[in-house]
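According to our numbering, the sequence shown is numbered sequentially starting from -5. One structure is given here, and the rest of the page talks about it.
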Amino acid sequence: CIEVDCLNLMAIPTNPSQARVAFENKEFQKAETFLLRAERPELAVKFYKDGGQWEDALRLTQEYIPHKLQQIQDEYEVYLSNSSGGGRDDMLTPAKTWEANGDYSRAIEAYLKMTVLQTTDYALLEEVWYKALELALKFVPGKKKKVPTATLR
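Structure representation (structure tokens):
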């Protein structure tokens, strides 16, 4: 170990309270690094969730505590349903995450939850409904009849 590198490693705090201060100061990467070095990814996920940064919470969960991914996705879905008018990316994140993880059935359900009640962007609705149909045809044949019916709501 080169002396300078050893000193740099020793200077990196791993105390969760220092990470909290970094999160409060919006130094998210720094706080995340602190908590990962302290082997506390679940605390980083909590800080991200508390700060409304669900994409980062999902990313960390998927990478460091994958056995909790379903729980965090469910919490995110509840968050979205309780929040008023999340943006386009917020609405699509759960579906895209499930799709990326191969949970096509849940991805289809998430895509189909988007209706004119969530957005008046008809191009977006067409895009997500087409995606739901595409996934159903490729991966979940039992849902291919449900997709056209669901889009008529």
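Quick reminder that beta carbons are idealized off the backbone N, C-alpha and C, glycines included.
Using 8 Å as the Cβ pair cut-off and three pairs as the minimum, do the segment 91 to 99 and the segment 108 to 123 touch? no
Between the Cα of E36 and those of E21, S75, L52, P135, spot the shortest distance and give me the residue it belongs to. L52
May I ask you to report which of helix, strand or coil DSSP gives L29? helix
Buried versus exposed call for E71 [16 or more other C-beta atoms within 10 Å across all chains shown]: buried
Closer than 6 Å by C-beta to A130: which residues in its own chain qualify, once you throw out the five before and the five after it? Chain order, please. I102, K137, K138, V141
Whole runs of the alpha helix (DSSP H) within the segment 50 to 108, excluding any shorter than 4 residues: 63 to 76, 82 to 94, 98 to 106
Rounded separation between G46 and I59 - CA only: 19 Å
State the Cα-Cα distance for the pair N76 and T91, rounded to the nearest angstrom. 19 Å
Tell me the residue span of the alpha helix (DSSP H) that contains R34. No alpha helix (DSSP H) holds R34; DSSP gives it neither H nor E.
What does the Cβ neighbour count give for Y105, buried or exposed, with the cut at 16 atoms within 10 Å? buried
Are the CB atoms of A38 and E57 within a distance shorter than 8 Å? no
Cβ-Cβ separation, Y73 to L54 (assumed contact under 8 Å), whole Å: Not quite, the Cβ-Cβ distance comes to about 16 Å (not below 8 Å), so this is no contact.
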